[in-house]
Amino acid sequence: MSLFNVYPLNPIAITKAAGSRVWDDKGQEYLDMYGGHAVISIGHTQPHWVKRIEDQLHAIAFYSNSVVMPIQEELAAALNEISDKKDFQLFLCNSGAEANENALKLASFYTGRKKIVAFKKSFHGRTSLAVAATDNPSIVAPVNETDNIIFLPFNDIAALQACFSEQGSTIAAVIIEGIQGVAGIYEASDAFLQAIRKCCNDNGSVYIADSVQCGYGRSGKFFSHDHAGVHADIYSMAKGMGNGFPIGGILIAPHIQPKFGMLGTTFGGNPLACAAALAVIEVMQKDHLIKAAEEKGNYLIDALKNTDGVKAVRGRGLMIGFEMEAGLEDVRKVLLNDLKIFTGEAKPNAIRLLPSLAISMEDINLFLTGLNKAIQLLKQKKD
Ligand SMILES: Cc1ncc(COP(=O)(O)O)c(C=O)c1O
Numbered sequence: 265m266s267l268f269n270v271y272p273l274n275p276i277a278i279t280k281a282a283g284s285r286v287w288d289d290k291g292q293e294y295l296d297m298y299g300g301h302a303v304i305s306i307g308h309t310q311p312h313w314v315k316r317i318e319d320q321l322h323a324i325a326f327y328s329n330s331v332v333m334p335i336q337e338e339l340a341a342a343l344n345e346i347s348d349k350k351d352f353q354l355f356l357c358n359s360g361a362e363a364n365e366n367a368l369k370l371a372s373f374y375t376g377r378k379k380i381v382a383f384k385k386s387f388h389g390r391t392s393l394a395v396a397a398t399d400n401p402s403i404v405a406p407v408n409e410t411d412n413i414i415f416l417p418f419n420d421i422a423a424l425q426a427c428f429s430e431q432g433s434t435i436a437a438v439i440i441e442g443i444q445g446v447a448g449i450y451e452a453s454d455a456f457l458q459a460i461r462k463c464c465n466d467n468g469s470v471y472i473a474d475s476v477q478c479g480y481g482r483s484g485k486f487f488s489h490d491h492a493g494v495h496a497d498i499y500s501m502a503k504g505m506g507n508g509f510p511i512g513g514i515l516i517a518p519h520i521q522p523k524f525g526m527l528g529t530t531f532g533g534n535p536l537a538c539a540a541a542l543a544v545i546e547v548m549q550k551d552h553l554i555k556a557a558e559e560k561g562n563y564l565i566d567a568l569k570n571t572d573g574v575k576a577v578r579g580r581g582l583m584i585g586f587e588m589e590a591g592l593e594d595v596r597k598v599l600l601n602d603l604k605i606f607t608g609e610a611k612p613n614a615i616r617l618l619p620s621l622a623i624s625m626e627d628i629n630l631f632l633t634g635l636n637k638a639i640q641l642l643k644q645k646k647d
């Protein structure tokens with residue numbers, strides 16, 4: 265049987281990992297500035313994380329959500345503390361798309377409305393409503409098409425206000441990434457997030473902060489929306505939440521009250537996933553990784569801005585995008601093939617850095633040296 269061929273693959277088989285390093289099946293070491301797509305938050309195979317999952321595996325791996333699970337309550341308490349969303353409620357699921365799907369559905373239940381405001385170039389996942397709210401027609405199947413999504417330009421306060429003054433009473437939710445990831449790292453302005461908060465308040469709509477990629481400390485605050493000083497009504501989370509163990513969830517403001525059957529899942533919140541997520545929070549707190557993301561991110565962003573050949577540096581903390589000047593577009597390939605450094609990409613030409621929040625300064629400097637070398641190699645080829 266062959267694999268269903270949906271990914272353009274690098275011909276590299278990664279078989280081992282530790283911290284910010286990965287190794288292929290031939291023993292070649294790579295520096296991981298990509299974090300498996302923003303998933304590795306505390307470092308590959310981080311020892312406390314491994315131990316907590318191992319211990320949990322020996323106790324119990326799974327039982328259904330029909331019984332009380334103290335480890336879910338432990339995770340809710342830990343999340344309340346680290347996120348500073350004190351009275352919020354937690355619903356657990358397994359992925360980012362599922363988190364957004366549940367967030368959107370919940371907003372519709374809560375308001376009794378159907379319309380969702382989303383933004384140009386957004387990415388919210390591949391399930392039915394999440395993909396419909398994603399601005400990429402090539403991944404929306406005919407069955408996912410719906411008139412219920414209104415796409416507005418990103419960071420355009422006037423367009424947002426005009427939409428709410430015309431249709432505010434029909435809008436269930438606004439969903440927005442605090443920093444657009446797949447689009448190529450574009451930050452929502454503080455003023456824009458504040459305007460969303462106000463429009464939602466004035467019209468009884470739900471503000472959904474898609475924090476799947478930009479959340480969990482990556483931006484230098486637990487949620488990137490926190491930089492704007494606003495509270496959303498629902499935060500969706502996944503990626504960094506489990507450091508590679510599949511888990512997602514939504515944090516729900518206290519005014520949105522649950523009803524039996526409203527949401528549900530078989531695997532969401534299973535004890536193994538909760539153990540992984542607790543280990544992530546424990547390591548983040550013990551090693552002050554959110555502060556580290558801010559400081560190391562500032563250093564990396566400054567260094568990139570001062571690198572010849574690099575332009576358009578964007579992002580916050582350890583969620584960084586940049587572009588290369590003309591003639592240097594192949595830098596990502598040279599970094600991977602010649603210098604053994606993984607980075608991410610965003611079409612058409614942005615390079616994305618999404619390393620572990622625990623990456624060392626030595627590794628950051630190694631990346632910067634590698635980038636300069638890659639630029640020199642490409643310049644020599646051109647001459
Ligand atoms: C902002 C955002 N939302 C949602 C998702 C979907 O997450 P998942 O792939 O876990 O379903 C992603 C994935 O890249 C994302 O970046």
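The numbering of the sequence shown is my numbering, which starts it at 265 and goes up by one.
All C-beta atoms, glycine included, are put in the ideal place defined by N, C-alpha and C.
Predicted, not measured: the structure shown is a model, and the values here were computed from it.
Is the beta carbon of G445 closer than 8 Å to that of A614?
Against a cut-off of 8 Å, the Cβ pair of G445 and A614 comes out as no contact.
Validate contact between the region 630-638 and the region 587-605 using beta carbons, cut 8 Å, 3 pairs:
By the Cβ test, the region 630-638 is in contact with the region 587-605, since at least three Cβ pairs between them sit closer than 8 Å.
Rounded C-beta distance between L564 and I639? I'm assuming under 8 Å.
About 16 Å separates the two Cβ atoms, so there is no contact after all.
Can you check DSSP and say which residues form a bridge with S500?
DSSP lists D474 and I514 as partners of S500.
Kindly provide the chain-ordered list of residues whose Cβ lies closer than 6 Å to any non-hydrogen atom of ligand 1.
Answer in sequence order: S359, G360, A361, N364, F387, H388, G389, E441, G445, V446, D474, V476, Q477 and A502.
Considering only their Cβ atoms, is the gap separating K604 from L295 smaller than 8 Å?
When the beta-carbon positions are compared, L295 and K604 come within less than 8 Å of each other.
Measuring straight from C-alpha to C-alpha, what distance separates C357 and G389?
So the two alpha carbons sit approximately 14 Å from each other.
Residue nearest to M625 in terms of C-alpha spacing, selected from A437, N562, C427 and R580:
Measuring from the Cα of M625, the nearest candidate turns out to be N562.
So the candidates are V314, V331, A540 and Q353; which of them puts its Cα closest to the Cα of A341?
Among V314, V331, A540 and Q353, the Cα nearest to that of A341 is on Q353.
Taking 8 Å as the cut-off, decide whether the C-beta atoms of G360 and G448 are in contact.
The criterion of a C-beta distance shorter than 8 Å is not satisfied by G360 and G448.
Endpoints, the alpha helix (DSSP H) within which Q336 is located:
Run containing Q336: P334 to S347, per the alpha helix (DSSP H) assignment.
If we ignore side chains and look at the alpha-carbon of each, how far apart do S475 and D647 end up?
Taking the straight line joining both Cα atoms gives about 44 Å.
Since G581 and S483 should fall inside the 8 Å C-beta cutoff, what is the C-beta to C-beta distance between them, to a whole number of angstroms?
Separation of the CB atoms of G581 and S483 is rounded to 4 Å, and the pair is thereby assigned contact status at 8 Å.
Those residues which DSSP pairs with K575 across a bridge:
Paired residues: E587.
With C-beta atoms as the reference, is I545 less than 8 Å away from I516?
No, Cβ-Cβ distance for I545 and I516 is not below 8 Å.
When DSSP builds the beta bridges, which residues end up paired with V381?
According to DSSP, which records beta bridges pairwise, V381 is partnered with I414 and V438.
Can you give me the start and stop residues for the alpha helix (DSSP H) that F373 sits inside?
It spans G360 to T375 - the alpha helix (DSSP H) in which F373 sits, taken as one unbroken run.
Taking buried to mean at least 16 other C-beta atoms within 10 Å of its own C-beta, is G376 buried or exposed?
With fewer than 16 other CB atoms across the displayed protein chains lying within 10 angstroms of its CB, G376 is exposed.
Mind checking which residues open and close the beta strand (DSSP E) that includes D288?
Here the beta strand (DSSP E) through D288 covers R285 to D288.
Write down every uninterrupted run of the beta strand (DSSP E) in the region 601-633 whose length is 3 residues or greater and which is fully enclosed by it, in chain order.
Correct list: 608-610 and 614-617.
With I278 as the anchor, note down where its alpha helix (DSSP H) starts and where it stops.
Taken as a continuous stretch (DSSP letters only), I278 belongs to no alpha helix (DSSP H), being part of the beta strand (DSSP E) at I278 to A282.
Nearest by alpha-carbon distance to S305: which of V577, M548, G591 and V574 is it?
That would be M548, whose Cα lies nearest to the Cα of S305.
Suppose contacts are defined by Cβ-Cβ distances below 8 Å. Is G493 in contact with N329 by that definition?
Not in contact: G493 and N329 (Cβ atoms no closer than 8 Å).
Mind checking whether F606 and Y327 have CB atoms under 8 Å apart?
Cβ distance not < 8 Å, so F606 and Y327 don't count as in contact.
For I443, which of S453, T434, A437 and K378 has the nearest alpha-carbon?
Nearest option by C-alpha distance: S453.
V476 CB to nearest chain D CB: under 8 Å?
In the structure shown, chain D does not exist; there is a single protein chain.
Does DSSP classify R580 as helix, strand or coil?
Strand.
DSSP state of Q549, grouped into three classes?
Residue state, collapsed to three classes: helix.
Which residues does DSSP pair with H308 in a beta bridge?
When beta bridges are read from the DSSP output, H308 appears opposite G283.
Is it right to say H322 is buried, meaning 16 or more other beta carbons lie within 10 angstroms of its own, or is it exposed?
Around the Cβ of H322, a 10 Å sphere holds fewer than 16 other Cβ atoms; the residue is exposed.
DSSP-derived helix/strand/coil call for I460:
I460: helix per DSSP, three-state reduction.
Local conformation of I324 per DSSP, three classes:
It is coil, neither helix nor strand.
Exposed or buried, what is F524 when buried is set at 16 or more other beta-carbons lying within 10 Å of its beta-carbon?
Residue environment analysis places F524 among the exposed positions, since fewer than 16 neighbouring C-beta atoms fall within 10 angstroms of its C-beta.
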